[in-house]
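Everything below concerns the one structure shown next.
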Amino acid sequence: MRMPDRLVAGLRCAEVLEALPDYLEHALPPQGAQQVEAHLRGCDWCERFGGEYAGGVAALRRMLAEPPAPPAAVRTRLRERLAALPPPTPRNG
Amino acid sequence: MPGEEDGALTVPAATAAAEDAALLAGTAAGDRTAFERFVARHEAAVLRYVRGLVDDADRAEDVLQERFIAAWRGAAGFRGGAAARGWLLSIARHAAQRHRRRRAGEPATHLPLEELARQAGFSQPAAPDLARAFEARELVERGFRALSPEEREVLILRELEGFSGEETAALLGLSLAAMKSRLHRARLRFLGVLRGEIDAHA
């Protein structure tokens, strides 16, 4: 299926798709950001998709923010192995 | 507006970096208590990162152990100033790659961007349940696990560990532009997988 490609505010949908990551991280120059914003205001496809994209990024960050604690057995085996190591040799030079 | 999304990341604080540097200095002098605290601070993040790269749990555990053995032996070589987490992960990465087998049937990650976007919902009908899926931890994790190691890796570094774009690119050995492209594609794949999950259970 062909992607819809509207020209809104001087930008095509495909260009907005490419610019989305920088736009969300506020990494676009002011003029570029304004152009993307104007496109999003005038293009319901891109506004919806941009919201879903941002929502997906936020979901990843939020739900996986803290790494789960390793299983107790993994932690125990790691400590056993490390405890058996000889002292580190000082670095030469 | 999508632009209102809160882009705040949990950036490792300068104090945490200073504490890590102190713990590694102690480790280099043979202080096992300092090393124990260093391990406790980072083992969960290292294991998550390695599990992102290596599917087999036993192999991942091997890499975790090797990584901290190398940290014990190499603590004197740590250059203060660099984030200890990045130092750990960059060496874990090399270890994981040695263990990693190229799997047959890698997901089609080299589709044109527009096709990836279409699978992610661009130009597609709205997925009303998507917002709810974002709130369901189990679904988010399942979607994440369905990605390729390469896709998971860039998401872990950038979204979960909160490394900057430049730091993430350096850890991956990519240019900033190539890292951004990989990140964009990984996010689109994640969205596509979630939409697939929703459709499958509709």
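Heads up: the protein sequence lines correspond to chains A and B, in order. Okay, so the first sequence: first residue is 2 according to our numbering, each after it adds one. Okay, so the second sequence: first residue is 15 according to our numbering, each after it adds one. C-beta atoms are modelled at their ideal positions from N, C-alpha and C, and glycine is treated no differently.
Could you give the residue range of the alpha helix (DSSP H) that holds residue i?
i	result
Glu-38(A)	31-43
Ile-170(B)	Careful: Ile-170(B) lies outside any alpha helix (DSSP H) and carries neither H nor E.
Phe-92(B)	Run containing Phe-92(B): none; DSSP gives neither H nor E here.
His-124(B)	Run containing His-124(B): none; DSSP gives neither H nor E here.
Glu-149(B)	144-149
Gly-206(B)	190-214
Arg-65(B)	46-67
Leu-83(A)	73-84
Glu-16(A)	14-25
Gly-179(B)	179-186
When the cut-off is 8 Å and only beta carbons count, does residue i lie next to chain B?
i	result
Glu-53(A)	yes
Arg-7(A)	no
Gly-94(A)	Residue placement at Gly-94(A) is poorly supported in this model, since its pLDDT is 40, which falls under 50; the coordinates still yield a value, given next. Closer than 8 Å: no.
Gly-43(A)	no
Met-2(A)	Annotation note: pLDDT 46 at Met-2(A) (below 50); position unreliable, coordinate value reported separately. At least one chain B Cβ lies under 8 Å of Met-2(A).
Leu-61(A)	yes
Arg-13(A)	no
Ala-39(A)	no
Comparing the C-beta of residue i with each C-beta of chain A, is any distance below 8 Å?
i	result
Phe-148(B)	yes
His-124(B)	no
Leu-197(B)	yes
Ser-178(B)	no
Glu-75(B)	yes
Gly-44(B)	yes
Ile-83(B)	yes
Residue i to residue j, Cα distance in whole Å?
i	j	result
Arg-87(B)	Arg-65(B)	23 Å
Ala-192(B)	Trp-46(A)	27 Å
Leu-188(B)	Pro-69(A)	28 Å
Ala-122(B)	Arg-46(B)	In this prediction, Ala-122(B) has a pLDDT of 48, which is less than 50 and means its spatial position is unreliable; nothing more can be read from the coordinates.
Leu-61(A)	Val-154(B)	7 Å
Ser-104(B)	Glu-19(A)	28 Å
Arg-107(B)	Arg-7(A)	42 Å
Ala-147(B)	Ile-212(B)	8 Å
Leu-29(A)	Arg-82(A)	49 Å
Val-17(A)	Ala-84(A)	54 Å
Gly-206(B)	Leu-130(B)	8 Å
Gly-51(A)	Phe-204(B)	14 Å
For residue i, return the contacting residues in chain A, with the cut-off set at a CB-CB distance below 7 Å.
i	result
Arg-107(B)	The premise fails here: Arg-107(B) is roughly 16 Å from chain A at the closest Cβ pair, so nothing lies under 7 Å.
Trp-86(B)	Leu-83, Leu-86 and Pro-89
Gln-79(B)	Leu-79 and Arg-82
Leu-171(B)	Simply none; closest approach about 12 Å.
Go ahead and label residue i buried or exposed: buried means 16 or more other beta carbons lie within 10 angstroms of its beta carbon, across all protein chains shown.
i	result
Arg-159(B)	exposed
Pro-71(A)	buried
Pro-31(A)	exposed
Gln-36(A)	buried
Leu-161(B)	buried
Using a Cβ cut-off of 8 Å, pull out every chain A residue sitting near residue i, in sequence order please.
i	result
Arg-51(B)	Ordered by position in chain A, no residue passes the 8 Å Cβ test against Arg-51(B), which lies about 12 Å from the chain.
Leu-186(B)	Within 8 Å Cβ-Cβ: nothing; Leu-186(B) doesn't reach chain A, min ~16 Å.
Which residues of chain B have a Cβ atom closer than 8 Å to the Cβ of residue i, listed in chain order?
i	result
Pro-22(A)	Lys-194, Leu-197, His-198 and Arg-201
Ala-1(A)	This structure gives no information on residue 1(A), because the portion of chain A shown stretches from 2 to 94.
For a contact meaning CB atoms closer than 9 Å, what does residue i contact in chain A?
i	result
Glu-164(B)	Under the 9 Å cutoff, chain A gives no residues; its nearest Cβ is about 16 Å from Glu-164(B).
Should residue i be listed as close to the ligand SAM, given that the test is whether its C-beta is under 7 Å from any heavy atom?
i	result
His-215(B)	As far as ligands go, the structure on display features none, and thus does not contain the ligand SAM.
Give the interface partners of residue i over in chain B, defined as CB-CB distance under 7 Å, in chain order.
i	result
Pro-71(A)	Glu-57, Ala-58 and Leu-61
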